[in-house]
Amino acid sequence: MPSSNDPVVDADELREAVRGLAHPTRSIDDPTAVYLVLGALSSALASLSQLLHQLGEFHDGPTREQWTNADPNAGRAASYEVSWELHRAAEMVHHSADRVDRAHEVEATIAYDIAHCPLLAPVPRPLQDREVSL
Numbered sequence: 563m564p565s566s567n568d569p570v571v572d573a574d575e576l577r578e579a580v581r582g583l584a585h586p587t588r589s590i591d592d593p594t595a596v597y598l599v600l601g602a603l604s605s606a607l608a609s610l611s612q613l614l615h616q617l618g619e620f621h622d623g624p625t626r627e628q629w630t631n632a633d634p635n636a637g638r639a640a641s642y643e644v645s646w647e648l649h650r651a652a653e654m655v656h657h658s659a660d661r662v663d664r665a666h667e668v669e670a671t672i673a674y675d676i677a678h679c680p681l682l683a684p685v686p687r688p689l690q691d692r693e694v695s696l
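So for the sequence shown, this note's numbering puts the first residue at 563; every next one is plus one.
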């Protein structure tokens with residue numbers, strides 16, 4: 563979870579978290595975990611779309627010209643291109659989030675048979691544990 567108000571630090575933590583999630587999803591031992599992972603990814607993608615739009619909006623504003631020290635026309639053109647690409651990427655992420663949302667909804671309709679899932683199968687108890695004692 564982001565622990566600072568520094569976007570560079572938080573972005574690096576996001577990169578590590580996504581990279582860390584890629585490892586355990588290579589093989590899923592508990593099929594019921596897919597629903598929870600999809601829910602978290604859906605929320606994360608919505609936030610990522612917002613983040614990309616915000617970065618694009620930075621390049622839309624007038625203050626960007628004050629921070630460039632090269633040719634102002636070239637800086638303005640580059641800033642507009644960065645803005646365009648970021649807003650475009652944000653919309654693509656938004657569409658991807660819609661698809662993940664849909665997968666999340668459909669995943670909720672799947673009833674897994676936990677008897678075939680070693681991690682979720684009931685643990686057999688000895689007979690004496692099942693008897694009622696007084």
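All C-beta atoms in this analysis are idealised placements derived from N, C-alpha and C, irrespective of residue type, glycine included.
Computed from a prediction, not measured in an experiment: that's the story for all the values here.
field: Start-to-end residues for the alpha helix (DSSP H) that takes in H656
entry: P634 to E669
query: When the Cα of E653 is compared with those of S611, A584 and S566, which residue comes out closest?
result: S611
message: For the alpha helix (DSSP H) containing A677, name the first residue and the last one.
response: Premise fails: A677 is in no alpha helix (DSSP H) and is neither H nor E.
- prompt: Taking the C-alpha atoms as reference points, what is the distance between D675 and S645?
  reply: 48 Å
message: Less than 8 Å between the C-beta atoms of L607 and A659, yes or no?
response: yes
- request: Please work out which residues of its chain come closer than 8 Å, Cβ to Cβ, to A670, disregarding the five sequence neighbours upstream and downstream, and give them in chain order.
  value: Y597
task: Let me know the beta strand (DSSP E) ranges lying completely inside the segment 572-596, each 3 residues or longer, listed in chain order.
output: none
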